[in-house]
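Novice:
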Amino acid sequence: MTVVVTAVFYPKPGRKQELADAMRRGIEAVQSEKGCELYSIHDAEDGTITMIEKWSSVEDLDVHGDSDQVKILRADVADLVEKPGLVTRMTPIPVGSAEQGAV
Numbered sequence: 125m126t127v128v129v130t131a132v133f134y135p136k137p138g139r140k141q142e143l144a145d146a147m148r149r150g151i152e153a154v155q156s157e158k159g160c161e162l163y164s165i166h167d168a169e170d171g172t173i174t175m176i177e178k179w180s181s182v183e184d185l186d187v188h189g190d191s192d193q194v195k196i197l198r199a200d201v202a203d204l205v206e207k208p209g210l211v212t213r214m215t216p217i218p219v220g221s222a223e224q225g226a227v
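In the numbering used here, the protein residues as written are 125 to 227.
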């Protein structure tokens, strides 16, 4: 079963671009993980950096959570965020066309 995740990162004031740049190494490492279908960040209008992820299975996502790749990402951003990120797991509810009805 596909799993979609959002992870919201809260940059320290004036450090949003630095945070986005610091995430690059970890993102590139994670994209090579088994089951990773999407792992991308977005500049949200509320001042956060929001990551959108898509995983082939809950099991692949669970392995990812303790992976060395995630440890790289966490270490690289630790000094650039105000508080812990907000991570939300979601199960798609497809509606409409296959191309537009689910991530």
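Glycine included, every Cβ here is placed at the ideal spot set by N, Cα and C.
#1: List the residues that DSSP assigns as beta-bridge partners of residue 173.
#2: Does the pairing of the stretch 179 to 186 with the stretch 146 to 153 give three or more beta-carbon distances under 8 Å?
#3: Helix, strand or coil for residue 213 per DSSP?
#4: What whole-angstrom Cβ distance do residue 151 and residue 163 have, given they're in contact under 8 Å?
#5: For residue 214, I'd like the list of residues in its chain whose CB is within less than 6 Å of its CB, leaving aside the five on either flank, ordered along the chain.
#6: Under 8 Å, do residue 143 and residue 211 count as touching if we go by C-beta distance?
#7: Applying the criterion that 16 or more other CB atoms from any shown protein chain within 10 Å of the CB defines a buried residue, is residue 177 buried or exposed?
#8: Check the C-beta distance from residue 194 over to residue 133 and give it rounded, since I have them as a contact under 8 Å.
#9: Does the beta-carbon distance from residue 126 to residue 175 come in below 8 Å?
Specialist: Once the coordinates are examined:
#1: DSSP lists 133 and 167 as partners of residue 173.
#2: Between the stretch 179 to 186 and the stretch 146 to 153, the count of Cβ pairs shorter than 8 Å is below three; the stretches do not touch.
#3: Strand, per DSSP.
#4: Indeed they touch by this definition, with Cβ atoms about 6 Å apart.
#5: The residues are 128.
#6: Cβ distance not < 8 Å, so residue 143 and residue 211 don't count as in contact.
#7: Buried: at least 16 other Cβ atoms inside 10 Å.
#8: With a Cβ gap of about 13 Å, residue 194 and residue 133 do not count as contacting.
#9: No, the Cβ-Cβ distance between residue 126 and residue 175 is not below 8 Å.
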